[in-house]
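Here is the structure we will look at, set down as structure tokens.
Protein chains: 2
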Amino acid sequence: MTLGGAHQTLRDEVTRELRRRILSGELAQGERLIEDRLAAALGVSRNPVRESIRVLAAEGFIQVVPRLGATVARLSAEEGEELFDVRMAVEGLAARLAARKRTPASAERLRRVLEQAKEAVESGRLAEVADLNTAFHLAVGEAAGNSYLALMMKPMLQRAQWIFSQTAAVRGPHSWQEHLSLCEAIEAGDEDEAQARAVAHVAAARRSFLAAAGRRTKHPND
Amino acid sequence: MTLGGAHQTLRDEVTRELRRRILSGELAQGERLIEDRLAAALGVSRNPVRESIRVLAAEGFIQVVPRLGATVARLSAEEGEELFDVRMAVEGLAARLAARKRTPASAERLRRVLEQAKEAVESGRLAEVADLNTAFHLAVGEAAGNSYLALMMKPMLQRAQWIFSQTAAVRGPHSWQEHLSLCEAIEAGDEDEAQARAVAHVAAARRSFLAAAGRRTKHPND
DNA sequence: ATGTGAAATCTTGTATACAGTCTCCTAAAC
DNA sequence: GTTTAGGAGACTGTATACAAGATTTCACAT
Chain A
6 MTLGGAHQTL RDEVTRELRR RILSGELAQG ERLIEDRLAA ALGVSRNPVR
56 ESIRVLAAEG FIQVVPRLGA TVARLSAEEG EELFDVRMAV EGLAARLAAR
106 KRTPASAERL RRVLEQAKEA VESGRLAEVA DLNTAFHLAV GEAAGNSYLA
156 LMMKPMLQRA QWIFSQTAAV RGPHSWQEHL SLCEAIEAGD EDEAQARAVA
206 HVAAARRSFL AAAGRRTKHP ND
Chain B
6 MTLGGAHQTL RDEVTRELRR RILSGELAQG ERLIEDRLAA ALGVSRNPVR
56 ESIRVLAAEG FIQVVPRLGA TVARLSAEEG EELFDVRMAV EGLAARLAAR
106 KRTPASAERL RRVLEQAKEA VESGRLAEVA DLNTAFHLAV GEAAGNSYLA
156 LMMKPMLQRA QWIFSQTAAV RGPHSWQEHL SLCEAIEAGD EDEAQARAVA
206 HVAAARRSFL AAAGRRTKHP ND
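Protein sequences appear in the order of chains A and B.
Numbering-wise, my numbering comes out as the position in the first sequence, counting from 1, plus 5.
Numbering-wise, my numbering comes out as the position in the second sequence, counting from 1, plus 5.
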């Protein structure tokens, strides 16, 4: 089959691959997803594809209308902006809890992701930078030691990454600095400061998003 | 087939029915979900059941291990408690935004749910009360006019309802009073007050949960 | 030209079939 | 009595088949 590498189930591979294609823009917003064609393109049967579609729909990447089929979700500029409000609330909480429940292991993990991101920035691998930035945010979520928070943050952050890639609003170095500063507050166990820095970080991302969105009158996929 | 009423797709019916059985406790925590048996019990084939399982897994009600099968998720007391932190952050935001963006239509909708809940309480239909309380919280989420927030709150609130039903920690009348008070703050457009009341409401629910959880040393399903 | 309607085509929804994996039980070996 | 190899049964993962609904096309009437 077309999908590479060792895997546990085709279904999981398909889910990851479709998610990746959506996040990367290979599958454009609003594009119709025809089960047969996806299955053929991925070299699998329709069954794993269908199950993947349900999962991605639950995560909000795909919109499904019974009997009419599935399309890649559309993100209006408003919906993109709305997400930042949610992120400030959720990631602010995550940072606070991460500071409260910090352990050497979780701090180590944050530092490691940060280090990888730094390397990727310096060697100019931009595609990886986006993934690693998301990974850092998720690591904060996991450091919070709240399983539901982590469960909820994963699709939220992927959606955020999607929005950014669609808007072409990248802000590599600034973002990395802010991550470092957040990491330090968490390590210091300063809950208020950690929350404040997380919220400020997301707010900065929002400004960057608004600037990039304002620069374009129309959406690239229109 | 066994599932009642008019429907769009079997898949959706199955998803709702399984979710209902989990929320109601008919399917106990940790219980193994065998596709064949569920399909037979619901009078459908395995396919719709499998797709439903993926969806419910994405919502966090079911845990799936590839090749080993699916089980109803287990909620430890800690995980139950953790959810309240998330709810305070998310529902606080929802209440704030609902107050900011209030419209006659959304206020009307909140009032209507509140009214139904009141009737259910007064006529002692306890099963409905839980559903209507959840519906009120969700209505606040929708009144916030933030599509992702609403998308995210739906499974979160269902999970909260699940936790409560499992703990048998019901607090009908108090809860209703607090809903009313929150509704008034939203109608008045007082963002700070709305957020404060929502947070206080969830905090009260947490205390009630902790009291009920402390009352039992063991879980009823153990 | 425009609108209408029915056939043909495409697509989804559901069921069934089969292959591979896991579990559990049995029985032999020590 | 305990342990381990092997095999039967059970269950999941994937593919294929078929039924029903949606869309397109094209002929025909206006």
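Using N, Cα and C, we set each Cβ at its ideal position, and we do this for glycine too.
Contact with chain A is found for B/P71, since one of that chain's Cβ atoms lies less than 9 Å from the residue's Cβ. Out of B/A201, B/M157, B/Q13 and B/G194, the CA that lies nearest to the CA of A/L88 is found in B/M157.
Those residues of the segment 108-140 of chain A placed with their C-beta closer than 8 Å to a C-beta in chain B do not exist. B/V134 carries a helical assignment under DSSP once its states are collapsed to helix, strand and coil.
B/L38 is bridged by DSSP to B/A75. Against chain B, the CB of A/L156 has a partner CB under 9 Å away; the residue lies at that interface. Neighbourhood of B/R59 in chain A, by CB distance below 7 Å: E56, R59 and V60, in chain order. Shown in chain order are the members of the segment 65-96 of chain B whose Cβ falls below 7 Å from a Cβ of chain A: G65, P71, E84, E87, L88, D90, V91, A94 and V95.
Using beta-carbon distances, A/D195 does not count as an interface residue toward chain B, since no partner is under 9 Å. Only residues of its own chain outside the window of five on either side were considered, and among them A122, K123 and V126 have a CB closer than 7 Å to the CB of B/W181, listed in chain order. Residues of chain B with a Cβ closer than 7 Å to the Cβ of A/A63 are, in chain order, V60, A63 and E64. The residues H206, in chain order, have a CB closer than 6 Å to that of B/E183 in the same chain once the five nearest residues on each side in sequence are set aside.
Contact annotation for A/Q13 against chain B: P71 and R72 [CB-CB distance below 9 Å, chain order]. When the alpha-carbon of A/P178 is set against those of A/A135, A/R42 and A/Q13, the nearest one is in A/A135. Take B/E31, set aside five residues on each side of it, and no residue of its chain has a beta-carbon closer than 6 Å to its own. Any Cβ of chain B closer than 9 Å to the Cβ of A/L187 would place that residue at the interface, and such an atom is absent. For B/R37 against B/G65, the beta-carbon gap comes to about 17 Å, at or over 8 Å, which does not count as contact. It is roughly 36 Å from the alpha-carbon of A/R79 to the alpha-carbon of A/A190. In this structure, A/R55 places its C-beta atom within 9 Å of the C-beta atom of B/E56. For A/S152, the chain B residues whose Cβ falls inside 8 Å of its Cβ are E84 and E87, in order along the chain.
Against chain A, a Cβ distance below 8 Å from B/D17 picks out P71. In the three-state DSSP reduction, A/Q121 falls in the helix class (H, G or I).
Taking the Cα positions, B/A193 is about 42 Å away from B/Q34. DSSP places A/Q163 inside the alpha helix (DSSP H), whose first and last residues are S152 to T172. Around B/L47, no beta-carbon contact reaches into chain A at under 9 Å, the shortest distance being about 17 Å.
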